[in-house]
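Below is one structure, written out as structure tokens, with a few remarks after it.
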Amino acid sequence: MESTTKTANAQSKYEEAVAKIKSGGAAKYHEKNAAQHKMFARDRLLLLFDKDSVTQEDGLFANAQAGDLPADGVITAIGKVNGQTVCAMANDSTVKAGSWGARTVEKIIRIQETAQRLKVPMMYLVDSAGARITDQIDMFPNRRGAGRIFYNQVKMSGMVPQVCLLFGPSAAGGAYIPAFCDIVIMVDQNASMYLGSPRMAEKVIGEKVTLEEMGGARMHCSVSGCGDLLAADEQEAIAQARKYLTYFPGNYKEKPAITEAKLPLAGRPIEAIVPENQNVPFDMYEFIGALCDEDSFFEIKKLFAAELITGLARINGRPVGLIANQPKVKGGVLFVDSADKAAKFITLCDAFNIPVIFLADVPGFMIGTKVERAGIIRHGAKLIAAMSDVTVPKLSVIVRKAYGAGLYAMAGPAFEPDCCIALPTAQIAVMGPEAAVNAVYSNKINEIADPKERVQFVQQKHQEYKEHIDVYKLASELIIDDIVEPQNLRQTLEQRLHLLETKEMVFSERKHPVYPV
Amino acid sequence: MKQVTASMAGTVWNIAVAVGDEVAAGQTVIVLESMKMEIPMEAEMAGSVAEIKVEAGDFVNEGDVLVVLA
Numbered sequence: 001m002e003s004t005t006k007t008a009n010a011q012s013k014y015e016e017a018v019a020k021i022k023s024g025g026a027a028k029y030h031e032k033n034a035a036q037h038k039m040f041a042r043d044r045l046l047l048l049f050d051k052d053s054v055t056q057e058d059g060l061f062a063n064a065q066a067g068d069l070p071a072d073g074v075i076t077a078i079g080k081v082n083g084q085t086v087c088a089m090a091n092d093s094t095v096k097a098g099s100w101g102a103r104t105v106e107k108i109i110r111i112q113e114t115a116q117r118l119k120v121p122m123m124y125l126v127d128s129a130g131a132r133i134t135d136q137i138d139m140f141p142n143r144r145g146a147g148r149i150f151y152n153q154v155k156m157s158g159m160v161p162q163v164c165l166l167f168g169p170s171a172a173g174g175a176y177i178p179a180f181c182d183i184v185i186m187v188d189q190n191a192s193m194y195l196g197s198p199r200m201a202e203k204v205i206g207e208k209v210t211l212e213e214m215g216g217a218r219m220h221c222s223v224s225g226c227g228d229l230l231a232a233d234e235q236e237a238i239a240q241a242r243k244y245l246t247y248f249p250g251n252y253k254e255k256p257a258i259t260e261a262k263l264p265l266a267g268r269p270i271e272a273i274v275p276e277n278q279n280v281p282f283d284m285y286e287f288i289g290a291l292c293d294e295d296s297f298f299e300i301k302k303l304f305a306a307e308l309i310t311g312l313a314r315i316n317g318r319p320v321g322l323i324a325n326q327p328k329v330k331g332g333v334l335f336v337d338s339a340d341k342a343a344k345f346i347t348l349c350d351a352f353n354i355p356v357i358f359l360a361d362v363p364g365f366m367i368g369t370k371v372e373r374a375g376i377i378r379h380g381a382k383l384i385a386a387m388s389d390v391t392v393p394k395l396s397v398i399v400r401k402a403y404g405a406g407l408y409a410m411a412g413p414a415f416e417p418d419c420c421i422a423l424p425t426a427q428i429a430v431m432g433p434e435a436a437v438n439a440v441y442s443n444k445i446n447e448i449a450d451p452k453e454r455v456q457f458v459q460q461k462h463q464e465y466k467e468h469i470d471v472y473k474l475a476s477e478l479i480i481d482d483i484v485e486p487q488n489l490r491q492t493l494e495q496r497l498h499l500l501e502t503k504e505m506v507f508s509e510r511k512h513p514v515y516p517v
Numbered sequence: 001m002k003q004v005t006a007s008m009a010g011t012v013w014n015i016a017v018a019v020g021d022e023v024a025a026g027q028t029v030i031v032l033e034s035m036k037m038e039i040p041m042e043a044e045m046a047g048s049v050a051e052i053k054v055e056a057g058d059f060v061n062e063g064d065v066l067v068v069l070a
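Going line by line, the protein sequences match chains A and B.
Per full-length UniProt numbering, the very first residue in the first sequence carries number 1; after that it's consecutive.
Per full-length UniProt numbering, the very first residue in the second sequence carries number 1; after that it's consecutive.
Here's what the structure looks like:
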């Protein structure tokens, strides 16, 4: 009798302790979160994991003796997303603003180690003010201090998908968690990344600036490129993360799942979308819509360097990565930022066995003082390096034109694409007809005194040049592998992706390239 | 003040609006020629054209103001 009471007491003590920890920080911090439309960290995880998913949490009692630091401000758990096992960490901003102490760091390191052992995706749900300065000696400089989190991230990069959902701040060192992830989804107005807060900026360098301007979600998604997706609210951010993972395998050894095929959304056919006149812009999004399964396009970095589109999609149920020039923005010319954007996206696809398709309509890399000073050459080199050492199926489609180094950047024939195919109206050349005729004949043109005769001469040379770079001539010289009619493009890609399924290659035996960064 | 700025370096090829015109968000106001392409410059928001800062044939650098909207 006595022992039953003892057990009952022990049980109620246990339940009380668990309930207290699971309720997070003080009520006022929950209220503050709610006022900012922020969810409690445990609710975020509930929404991220499949409904009624098998979930296990370790370290619940971390720092329980401290009394006011439930779980030491971070929840680490294993659960299921779309039926696939994933590891997750979630900062609890109701506990000392989600700041890091020694056990916080140890818990994050352990869940990363678990993700490595299980070879499953690692999700970082970040909402943290940074390190607890008072605890620095226990969590900052040590072998298993905060630095180890980033070291692990680098080690895990390309091994398992790493996704960051940024719900609040990620400050100072903590800002490197998103930096080392494959993708960063930021909630508008609430998410921020910065090394030094506006308060610190004013104190140290004398700059007066708002948090939103300096490190806000919109800025990072459109200007710095540190953010990939801007979500309107937390629910949308979590839904996007779940959708993103459907395109990925659990790790680099597996292939992404093929889902049920869907037809493209009904719209204008490709032949109506692409104007023949090379100089007139069209909307590459419409082209992508006509090529891919309905509702399958998942764009990455939509607001950043919009002259180049990168995104995941499905063709007949097969996941692919699309790298497409957007002639509607800056003429589809490649810039410093677009080169960076493409380089990272290509390595993402290659790491996780997602075939890449290049849709080229590119006048080349931008020229002029501004871009030369910004290092367009080394940024372009980054893109060309990433594209070169791809070992997944690599398909190059010349949609309309590929001039100059633009042809190289978009996986042209020299870069061992599995195929380089072109629509019948496509042009491939060092430069367009106008520029070429000018370059070759400028002296001659100037010598012709009669304006009418001059125009006639230029037109004739244009014509000759166009014939010289004609797509049928390029096909006859085996420069391109095939000419594809626009209405057959989707089917061609479908079949080629299917036939390339067994592709296996090693790009090189060396450790790694000397990255052009 | 609302402005339409050049998104890249190029030459002003066509001015599609006149002072006093009402423009809608997304409407092309200036067409640049750059890299042998026509590059439309669109108004980010609606307004009426208060000033046109460039003439056809002018070279403009990225970030230069093309049109001022009121």
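For every residue, glycine included, the Cβ atom is placed at its ideal position computed from N, Cα and C.
Alpha-carbon spacing of residue i relative to residue j, whole angstroms
i, j, result
"A:F352", "A:M156", "12 Å"
"A:L265", "A:E16", "54 Å"
"B:V4", "A:V274", "27 Å"
"A:M387", "A:N82", "30 Å"
"A:I384", "A:I185", "27 Å"
"B:K53", "A:G375", "30 Å"
"A:A426", "A:E485", "11 Å"
"A:C221", "A:F345", "15 Å"
"A:V371", "A:A339", "12 Å"
"A:D72", "A:A66", "9 Å"
"A:P433", "A:E504", "39 Å"
"A:Y515", "B:A16", "45 Å"
"A:A27", "A:K20", "12 Å"
"B:A60", "A:V223", "Here residue 60 of chain B is Val; the residue named in the question, Ala, does not match the sequence. If I take the Cα positions, the gap works out to 21 Å."
"A:R318", "A:P249", "12 Å"
"A:I108", "A:L125", "11 Å"
Chain A residues whose Cβ lies nearer than 8 Å to that of residue i
i, result
"B:E62", "K370"
"B:I39", "P281, K330 and G331"
"B:S48", "Simply none; closest approach about 25 Å."
Neighbourhood of residue i by C-beta, 7 Å cutoff - its chain only, sequence neighbours within 5 removed
i, result
"B:E38", "W13 and V31"
"B:V65", "Q3, T5 and K53"
"A:K461", "V437 and Y441"
"A:A343", "K382, L383 and A386"
Which listed residue (the options) has its alpha carbon closest to that of residue i
i, options, result
"residue 521 of chain A", "A:Q162, A:F335, A:D138 and A:D283", "The question about residue 521 of chain A has no answer, for chain A in this structure spans 1 to 517."
"A:P141", "A:G173, A:V204 and A:K119", "A:G173"
"A:F358", "A:F287, A:D450, A:Q65 and A:Q240", "A:F287"
"A:I238", "A:A10, A:Q459, A:D43 and A:E477", "A:D43"
"B:E22", "B:A43, B:A9, B:V65 and B:K53", "B:A43"
"A:A409", "A:C181, A:I479, A:E276 and A:L334", "A:L334"
"A:D92", "A:Q116, A:I137 and A:L166", "A:L166"
"A:M193", "A:A8, A:M219, A:I183 and A:Q136", "A:M219"
"A:D361", "A:R378, A:P327 and A:A343", "A:P327"
"A:K208", "A:R199, A:G215 and A:G216", "A:R199"
"residue 548 of chain A", "A:E464, A:K511, A:V506 and A:L423", "A query on residue 548 of chain A cannot be resolved here, the shown segment of chain A reaching from 1 to 517 and no further."
"A:G215", "A:P169, A:L45 and A:K255", "A:P169"
"A:V517", "A:K330, A:T210, A:K382 and A:V280", "A:K382"
"A:L69", "A:Q36, A:K22, A:D58 and A:I111", "A:K22"
Own chain, CB closer than 8 Å to residue i, minus 5 neighbours either side, in chain order
i, result
"B:G57", "T11 and V12"
"A:F457", "Y441, K444, I445 and I448"
"A:D295", "K262 and L265"
"A:L245", "V81, N82, Q84, V86, P121, P161 and V163"
"A:E212", "Q189, S192, R218 and M219"
"residue 521 of chain A", "In the structure as shown, chain A starts at 1 and stops at 517, and residue 521 of chain A therefore has no counterpart that could be examined."
"A:E260", "G317"
"A:M431", "G364, Y403, G404 and A439"
Inter-residue CB distance, residue i and residue j (contact presumed, cutoff 8 Å)
i, j, result
"A:L493", "A:I315", "6 Å"
"A:R496", "A:C419", "6 Å"
"A:S128", "A:G98", "4 Å"
"A:S197", "A:A171", "7 Å"
"residue 522 of chain A", "A:T391", "Summary: the structure shown does not reach residue 522 of chain A, with chain A confined to residues 1 through 517, and so no result is reported for it."
"A:Q235", "A:L47", "7 Å"
"A:G321", "A:I354", "5 Å"
Contacts that residue i makes with chain B (C-beta to C-beta distance below 7 Å)
i, result
"A:E434", "K36"
Proximal chain B residues relative to residue i, where beta-carbon distance stays under 8 Å
i, result
"A:P363", "M35, K36 and M37"
Cβ shell of residue i (< 6 Å), same chain only, five flanking positions each side left out
i, result
"A:T94", "G24, G25, Y29 and H30"
"A:M39", "E234"
"A:D228", "I183, V184, I300 and K301"
9 Å Cβ cut-off: residues of chain A touching residue i
i, result
"B:A16", "Per Cβ cutoff of 9 Å: no residues; B:A16 is ~14 Å from chain A at best."
"B:A9", "M366, I367, G368, T369, K370 and V371"
Residues that residue i contacts on chain B, provided the C-beta gap is smaller than 9 Å
i, result
"A:M284", "Neighbours of A:M284 on chain B: none; closest Cβ ~14 Å, over 9 Å."
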